[in-house]
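*Asks:* In this note's numbering, the protein residues as written are 73 to 509. All residues carry an ideal CB built from backbone N, CA and C; glycine is no exception.
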Ligand SMILES: NC(=O)c1ccc[n+]([C@@H]2O[C@H](COP(=O)([O-])OP(=O)(O)OC[C@H]3O[C@@H](n4cnc5c(N)ncnc54)[C@H](O)[C@@H]3O)[C@@H](O)[C@H]2O)c1
Ligand SMILES: O=c1ccn([C@@H]2O[C@H](COP(=O)(O)OP(=O)(O)O[C@H]3O[C@H](CO)[C@@H](O)[C@H](O)[C@H]3O)[C@@H](O)[C@H]2O)c(=O)[nH]1
């Protein structure tokens, strides 16, 4: 099929390249000229494993192209995907100005039947609202709108799309249902067909539920610390029950990223507008906001509240591994708090340092973890990168000033840390005291 994808962020780029990979002809459009010029050369604006290879492969196969010219790109398209950003407003509500601009542009140009699909995460009712805009601009109703929310995770976006566990297709016509079902057939996945409002709600409900699992286990972790239990074992014991499942029960410093914080707040706002007080999700957000500061408390505890002049090595800045995305990363809040106490923070992240400098004022970074930890009073882990999982703890002990490891991601075993003589504080587990000066 002929596809036009509008917006080349994570979602537009990854879904565009994957649609081309399964045999469609795809044009990805963006208003950012610089981005499009780079993409034409196979230069990818984000760090996402496997993306560059797949983009280059599909450009060469002439199945994928990039353009800033929406009019030409949509001319031959049968299906148009809207994949622009829907950032949060001050009050948590999703800001639809980019979606509105795109709908207006589509309406101005639309002269034959097309299915116009929202892939961006948008409040319930947006599909109908877009339909109104396009009808007004085009002066006809020879088109269908649909909703096809995206469930990819950053860091594993290509895998998640090529192996999607379901496709949600919200439609109000047989033709749109038929076209979108056909498009998704090569993914050999579960297809959930619903009306547009339901599809829009599925996306928010899924993200809010996953966020709830994380805040739930983080609260359990906080109780574990008070009563002497180990949250990693609790999660294992709970998660082996199929009804609960193992996923998303890793306690830590809470969720960040461009989706969970934004989408939980947007859902709270959707509920509020509908006259409903969404108590659970409000608490999920509240717990999450506080969770990141527990790591700060643990650093202070290790040094009897005196961080003045302490050299702290922070390993990991991105909100999760395998991405350079810094949106709502816990490090943005944690590092300035440590600096305010007079600590000298030296940070290292395998790929997110460039973006981190834009988010964290006065951030000092170094080019390798070994430089960061040299002579450090404490090492603080904020992102569970594989590189840090594989740290040689014996070598590390030899280069730091004192073996203090504060781990926001529960990456090491308590027994190992005990044996190696570290002071080791993690989340929801007992602190190994070691013997620090
Ligand atoms: N990032 C994720 O992992 C993820 C996953 C699932 C769903 N989503 C949702 O998908 C949507 C997009 O997210 P993202 O992270 O890809 O966004 P992003 O902000 O990274 O990228 C959006 C792109 O849209 C472009 N754009 C804005 N206005 C435009 C216009 N008028 N015409 C053409 N292009 C325009 C921007 O230049 C930018 O390149 C959001 O609603 C988000 O909530 C994101
Ligand atoms: O057990 C866990 C799992 C995750 N996290 C944290 O939760 C955040 C989000 O992680 P993840 O969901 O893996 O990344 P995202 O790329 O933000 O993906 C989420 O948000 C996307 C945007 O809506 C959705 O498409 C995905 O399905 C959804 O998983 C990160 O800060 C993780 O560190 C935890 O603290 N504990």
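For ligand 2, is there any heavy atom lying closer than 6 angstroms to the beta carbon of residue 286?
*Replies:* yes
*Asks:* For the alpha helix (DSSP H) that residue 185 lies in, which residues bound it at each end?
*Replies:* In the DSSP assignment, residue 185 falls outside any alpha helix (DSSP H), carrying neither H nor E.
*Asks:* Would a C-beta distance cut-off of 7 angstroms place residue 384 and residue 292 closer than the cut-off?
*Replies:* No, the pair does not count as a contact, with Cβ atoms beyond the cut-off.
*Asks:* Leaving aside the five residues before and after residue 393 along the sequence, list all residues of the same chain whose C-beta is less than 7 angstroms from its C-beta, in chain order.
*Replies:* 227, 455, 456, 457 and 458
*Asks:* Determine which residues share a DSSP beta bridge with residue 242 and list them.
*Replies:* 219 and 266
*Asks:* At a cut-off of 6 angstroms, is residue 322 close to ligand 2 when judged by its beta-carbon and the heavy atoms of the ligand?
*Replies:* yes
*Asks:* How far does the beta strand (DSSP E) with residue 231 in it reach, from first residue to last?
*Replies:* Where residue 231 is concerned, there is no enclosing beta strand (DSSP E), although the alpha helix (DSSP H) it sits in stretches over 229-234.
*Asks:* Return yes when at least one heavy atom of ligand 1 lies under 6 angstroms from the C-beta of residue 226, else no.
*Replies:* yes
*Asks:* Quick one: using the 10 Å Cβ neighbour count with 16 as the cut-off for buried, is residue 107 buried or exposed?
*Replies:* Per the 10 Å Cβ criterion, buried.
*Asks:* Mind checking whether residue 331 and residue 234 have CB atoms under 7 angstroms apart?
*Replies:* no
*Asks:* What are the start and end residues of each continuous beta strand (DSSP E) run of 3 or more residues lying completely inside the segment 92-128, in chain order?
*Replies:* 97-101
*Asks:* Measure the C-alpha to C-alpha separation of residue 254 and residue 88 and round it to an integer number of angstroms.
*Replies:* 16 angstroms
*Asks:* CA-CA distance, residue 218 and residue 273?
*Replies:* In a straight line, the C-alpha of residue 218 is about 13 angstroms away from that of residue 273.
*Asks:* Considering only heavy atoms of ligand 1, does any lie closer than 6 angstroms to the CB of residue 80?
*Replies:* True, at least one ligand heavy atom lies under 6 angstroms from that Cβ.
*Asks:* Excluding the 5 residues flanking residue 337 on each side, which residues of the same chain have their C-beta closer than 7 angstroms to its C-beta?
*Replies:* 160, 164 and 357
*Asks:* Pull up the DSSP beta-bridge partners for residue 437, would you.
*Replies:* 419
*Asks:* So the beta strand (DSSP E) residue 479 belongs to, where does it begin and stop?
*Replies:* 476-479
*Asks:* Runs of 4 residues minimum, wholly inside the segment 379-427: which ones carry the alpha helix (DSSP H) assignment?
*Replies:* 403-412
*Asks:* Considering only heavy atoms of ligand 1, does any lie closer than 6 angstroms to the CB of residue 103?
*Replies:* yes
*Asks:* Tell me whether the beta-carbon of residue 79 lies closer than 7 angstroms to the beta-carbon of residue 156.
*Replies:* Taking 7 angstroms as the Cβ cut-off, residue 79 and residue 156 qualify as a contacting pair.
*Asks:* Please classify residue 329: is it buried, with 16 or more other beta-carbons within 10 angstroms of its beta-carbon, or exposed?
*Replies:* Answer is buried; the Cβ neighbour count reaches 16.
*Asks:* Any chance the CB of residue 266 is under 6 angstroms from a heavy atom of ligand 1?
*Replies:* no
*Asks:* Rounded C-beta distance between residue 270 and residue 242? I'm assuming under 8 angstroms.
*Replies:* 6 angstroms
*Asks:* Which residues in the same chain as residue 352 place their Cβ atom closer than 7 angstroms to its Cβ, once the five residues preceding and following it in sequence are excluded?
*Replies:* 284
*Asks:* Confirm the yes/no value for this check: CB of residue 296, any heavy atom of ligand 2, distance under 6 angstroms.
*Replies:* No, the Cβ of residue 296 stays beyond 6 angstroms of every heavy atom of ligand 2.
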